[in-house]
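Engineer: Structure in structure tokens, see below.
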Amino acid sequence: MAIPRGRLGEGSNVRVRVVGDAEALAVDMARAMAGVVSDRAKAGKAACLIVPVGPVGQYEHLVRMVRDEGLDLSATTFILMDEFLAGPGRWIEASDPLSFRGFVERAFFDLLPGDRAPRPGNRIVPDPEAPELVGEGIRARGGVDACFGGIGLNGHVAFNEPEPGATVPEFATRGTRVVAVAPESRAHMAVNLSCALELIPGAAVTVGMAEILGARMIRLYANRPWQRGVVRMAVHGPASASCPASLMQMHPDAEIVASDFVAEPTEVALR
């Protein structure tokens, strides 16, 4: 917790970049996503991205870039990281206020001009009844160009929750699957939403570490004060299945983008 801002990323394979406040981070994330799309288009190819709900602020800026700057997402594939489940093999309803796919539809896809919005076939949500379809879709598109995401309180990426008993090679090969949402993940989401813990579902379907680590680049964004500790663990702690984000250290092009308040060290003490 005491690692100073200026030394974040020092000696690690994971770069750390500090961008300002939460709004600056959202703009940075949108620009990075748009940059991958534009670079692939210049090469005559369509981009394939893994994207999160959390952070979420980037989507309004992407909408603006499509509307005002001519960004064309029609050929881009968006693979949603995860979705909550209401029961075995069944997503929660898209109309549920906690549905990730419903949020992306309402806050992003539905706001885009029709001719520049991702085609329906390029909007992929992990299916609890056919999780293998994510890997098939990735292979059909020649791989994932970039994985964008956040980091959970326990270091989870998507809903790849810690597995203290797993080796790093084992954990790194976990593919898209149905998982139990860890108690700490449910708790920190309830805190973020200021709601009762009982409202947070206990199961989800998630893309795996295999798909995340298989992306050509990984960009994780940290915009909440409680991420000060987990960012430092992910970057400077040992690579371990106990902190899924720490496996970024194995990747050749991994970066954490943090807000000012996440980058600042803190004294651990009762207050």
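Its first residue numbered 942, the sequence shown is counted upward by one per residue in the numbering used here. C-beta: ideal position from N, C-alpha, C; glycine also.
Do L1053 and V1007 have their beta-carbon atoms positioned less than 9 Å apart in this structure?
Structural biologist: Cβ atoms of V1007 and L1053: closer than 9 Å.
Engineer: Per DSSP, Y1162 forms a beta bridge with which residues?
Structural biologist: Its beta-bridge partners are V1198.
Engineer: Could you check how far apart the C-beta atoms of N1095 and S1135 are, in whole angstroms? I think they sit under 8 Å.
Structural biologist: Going by Cβ atoms, the distance from N1095 to S1135 rounds to 20 Å, so no, they are not a contact pair.
Engineer: Return the chain-ordered list of same chain residues with a C-beta closer than 6 Å to the C-beta of A1048, the five sequence neighbours on each side being excluded.
Structural biologist: Here the set comprises Y1000.
Engineer: When the Cα of S1187 is compared with those of P1105, A1016, D1037 and R972, which residue comes out closest?
Structural biologist: Out of P1105, A1016, D1037 and R972, P1105 has the C-alpha closest to the C-alpha of S1187.
Engineer: Measure the alpha-carbon distance for G1011 versus E1139 and round it to whole angstroms.
Structural biologist: Approximately 43 Å between the Cα atoms of the pair.
Engineer: For V977, collect the residues of the same chain with a Cβ closer than 7 Å to its Cβ; drop the 5 residues on either side in sequence, then sort them by chain order.
Structural biologist: Closer than 7 Å at Cβ, skipping near neighbours: A988, L990, D1086 and A1087.
Engineer: What is the rounded straight-line gap between the Cα of I1065 and the Cα of F1202?
Structural biologist: Rounded to the nearest angstrom, the two C-alpha atoms are 33 Å apart.
Engineer: Go ahead and pull the three-state DSSP assignment for N1063.
Structural biologist: Note: N1063 maps to helix in three-state DSSP.
Engineer: From the DSSP output, read off the bridge partner residues of W1032.
Structural biologist: BP columns for W1032 point to L1026.
Engineer: Three or more C-beta pairs closer than 8 Å, one from the stretch 965-980 and one from the stretch 1204-1211: is that the case here?
Structural biologist: No: fewer than three Cβ pairs fall under 8 Å.
Engineer: Look at the Cβ atom of H1192, then the Cβ atom of L1154, and state whether they are nearer than 9 Å.
Structural biologist: Their beta carbons are under 9 Å apart, which means H1192 touches L1154 by this criterion.
Engineer: Of the residues V1120, P1142 and A1121, which one's Cα is nearest the Cα of M1130?
Structural biologist: Ranking V1120, P1142 and A1121 by Cα distance to M1130 puts P1142 first.
Engineer: In the structure shown, what three-state DSSP assignment does G1090 receive?
Structural biologist: Three-state result, G1090: strand.
Engineer: If distances are taken between C-alpha atoms only, which option among E1073, I1020 and F1044 comes closest to A1035?
Structural biologist: Measuring from the Cα of A1035, the nearest candidate turns out to be F1044.
Engineer: Would a C-beta distance cut-off of 9 Å place F1112 and A1182 closer than the cut-off?
Structural biologist: Yes. Within cutoff.
Engineer: Return the CA-CA distance between R1115 and M1150, expressed in angstroms with no decimal places.
Structural biologist: Going from the Cα of R1115 to the Cα of M1150 covers about 5 Å.
Engineer: Could you tell me whether the Cβ atoms of G1091 and P993 are closer together than 9 Å?
Structural biologist: Contact flag set, yes.
Engineer: Please report the straight-line C-alpha distance between R1173 and M942, rounded to a whole angstrom.
Structural biologist: R1173 and M942: Cα-Cα distance of roughly 7 Å.
Engineer: Closest to P1067 by CA distance: which of D1037, I1033, G961 and H1002 is it?
Structural biologist: The candidate whose alpha carbon is nearest that of P1067 is I1033.
Engineer: Using DSSP bridges, identify the partner residues of N1095.
Structural biologist: In the DSSP output, where bridge partners are listed per residue, N1095 has none listed.
Engineer: If you reduce the DSSP assignment to three classes, tell me which class F1044 lands in.
Structural biologist: Looking at F1044 - three-state DSSP - the assignment turns out to be helix.
Engineer: Note down the Cα distance separating A1123 from V1132, rounded to an integer number of angstroms.
Structural biologist: About 14 Å.
Engineer: For P1072 versus V1119, is the C-beta spacing smaller than 9 Å?
Structural biologist: Taking 9 Å as the Cβ cut-off, P1072 and V1119 qualify as a contacting pair.
Engineer: Should D969 be labelled buried (16 or more other beta-carbon atoms within 10 Å of its own) or exposed?
Structural biologist: Buried, by the Cβ-count rule.
Engineer: For N1101, which residues does DSSP report across the bridge?
Structural biologist: V1098.
Engineer: Out of G1055, L1021 and V957, point me to the one whose CA is closest to F1041's CA.
Structural biologist: Nearest C-alpha to F1041: L1021.
Engineer: From the DSSP output, in three-state form, read off R958 for me.
Structural biologist: Looking at R958 - three-state DSSP - the assignment turns out to be strand.
Engineer: Where does the unbroken beta strand (DSSP E) through R1157 begin, and where does it stop?
Structural biologist: Here R1157 belongs to no beta strand (DSSP E), and DSSP marks it neither H nor E.
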